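In terms of this note's numbering, the sequence shown opens at residue 21 and continues consecutively. Glycine included, C-beta positions come from ideal geometry on N, C-alpha and C. The structure displayed is predicted, hence computed values, not measured ones. Report on the structure given below.
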Amino acid sequence: MDFTKLSHKYQTPLYVYDFDYIREQFSCVKEAFRARKSLVCYAVKANSNLSVLKHLAALGAGCDCVSVGEIKRALFAGVAKYKIIFSGVGKNDSEIEFALKEDILMLNVESEAELKRVEKIAQILKTIARISIRVNPNVDAKTHPYISTGLKKNKFGVDIDTAKKLYIYCKNSPFLEPVGIHCHIGSQILDVAPYSEATAVTAELLRSLKALEIDIKFFDVGGGLGIRYKDEVTIEPYNFAQAVLANLAGMDVTIVCELGRFLVGNSGYLLTKVLYEKQNGAKRFVIVDAAMNDLIRPSLYNAYHEIEVVDKNGGGTLADVVGPVCESGDFLAKEVMLPPLENGDLLVVKSAGAYCFSMSSNYNSRPRVAEVAIEDGKERLIRRREKFEDLIELEREYLGEQ
Ligand code: LLP
């Protein structure tokens, strides 16, 4: 990839995504579940750019959405309604209503109170809501506490006994149809054992539901497959699939997975230019034009993103790579070896395809950056850089009212 050319053409900071890589990752997952009917519902929150969604939809992906905004994005990008699922711990009435009217595949319900709300709204709309219950299997995914979701102490899902009760409730309601079981234990998971444990728990529930003549068609194993940021040993999709399928012998269900990071994480690069170097006492800082508002993962989770210098030899001395935002927490990397740098040098922040642009903000009134896709050796803009006018658009008309 010619990062220098891209930085000249589109300026920096700039997100670049390799669409061929996304295609390969998607095929890997489909291949791993080849022996079964499967539906890969891309977790839109990882990277919700419309062109990314359209690209995945063309490959056959569905979408896992957590807001009406995400459902609308998926529909707008051409994702089939019957491949869209709606997850999330706090759906409001208008979101539930929207999902039911659009007749999407199913709603992943996370509590008894929510189930009753969905029932009520389905009744008002004179429709039947297809339901999947999110089970919290109380399994430790051994990942960062902020992105671990399958433990009793987390806010997500319901325990197995409650789940069973809710399925029976669904079966007896004229407005609810139980069609799926859902479980998502966390993100950036590197160990296959928690998947085995969690699916063993949910598969047992599946069997007991069959015995009650509750016909579950979709077994949703969530997402969470980790990727390599530095030197992590990741789970092969084949082993992930085997861990799931081993628990499902003899069960005729479609496997659903909600992968985000695995599909797009390592497709992405954030290009940023060096503004200045500065030495504060013993500490060396490289100040770049991207900041925590563009990529918050290092500040928020202390996440590591490899940084490569374009067209300069490695070596050098340790430095923190920091942005222009007025916070000490504004850094992209800490204590990394970098050669002497000067204004205009180009750096590439890697593994920036998932939870990077989608978590960006306008903090410090910084316009969000442009996004570019590379496919079959050709590049194209998929989101233009925001302008100052975009930032004030929703406020300017109110200035005259005082
Ligand atoms: N399904 C559900 C219900 C989820 O909550 C998530 C992610 C996924 C699927 C997709 O997980 P993935 O395959 O991408 O690991 N901002 C954090 C990650 C938050 C993940 C939230 N839920 C980060 O930057 O690491």
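Closer than 7 Å: residue i CB and nearest the ligand LLP heavy atom
| i | result |
| --- | --- |
| Leu79 | no |
| Asp84 | yes |
| Gln208 | yes |
| His325 | no |
| Tyr375 | yes |
| Arg281 | yes |
| Tyr321 | yes |
| Ala63 | yes |
| Met379 | yes |
| Gly110 | no |
| Leu245 | yes |
| Arg248 | no |
| Met66 | Checking the sequence shown, residue 66 turns out to be Ala, not Met. Yes, since a heavy atom of the ligand LLP falls inside the 7 Å radius drawn around the Cβ of Ala66. |
| Arg93 | no |
| Glu278 | yes |
Neighbour-count burial assignment, residue i, 16 or more Cβ in a 10 Å radius
| i | result |
| --- | --- |
| Arg93 | buried |
| Pro198 | buried |
| Val253 | exposed |
| Met126 | buried |
| Leu419 | exposed |
| Phe106 | buried |
| Gln442 | Since the displayed the chain opens at 21 and closes at 422, residue 442 lies outside it and no answer follows. |
| Leu352 | buried |
Continuous alpha helix (DSSP H) stretch holding residue i: start and end
| i | result |
| --- | --- |
| Glu355 | Note, Glu355: premise wrong, no alpha helix (DSSP H); beta strand (DSSP E) at 351-358. |
| Gln262 | 257-265 |
| Phe377 | That residue, Phe377, is in no alpha helix (DSSP H); it is neither H nor E in DSSP. |
| Leu411 | 408-412 |
| Leu26 | 23-30 |
Local conformation of residue i per DSSP, three classes
| i | result |
| --- | --- |
| Gly285 | helix |
| Thr222 | helix |
| Asn363 | coil |
| Lys230 | helix |
| Asn322 | coil |
| Leu291 | strand |
| Glu347 | coil |
| Asp113 | helix |
| Tyr418 | helix |
| Lys213 | Inspection of the sequence shows that residue 213 is occupied by Ala rather than by Lys. Ala213: helix per DSSP, three-state reduction. |
| Arg317 | helix |
Delimiting residues of the beta strand (DSSP E) encompassing residue i
| i | result |
| --- | --- |
| Leu401 | 398-403 |
| Lys303 | 303-308 |
| Val253 | Careful: Val253 lies outside any beta strand (DSSP E) and carries neither H nor E. |
Which runs of the beta strand (DSSP E) spanning at least 3 residues fall entirely within the segment 34-107, listed in chain order? Within the segment 34-107, the complete beta strand (DSSP E) runs of at least 3 residues are 34-38, 58-63, 82-85, 104-106.
Output the residue ranges of the beta strand (DSSP E) runs that lie fully inside the segment 130-206 and measure 3 residues or longer, sorted by chain position. 149-154, 196-202
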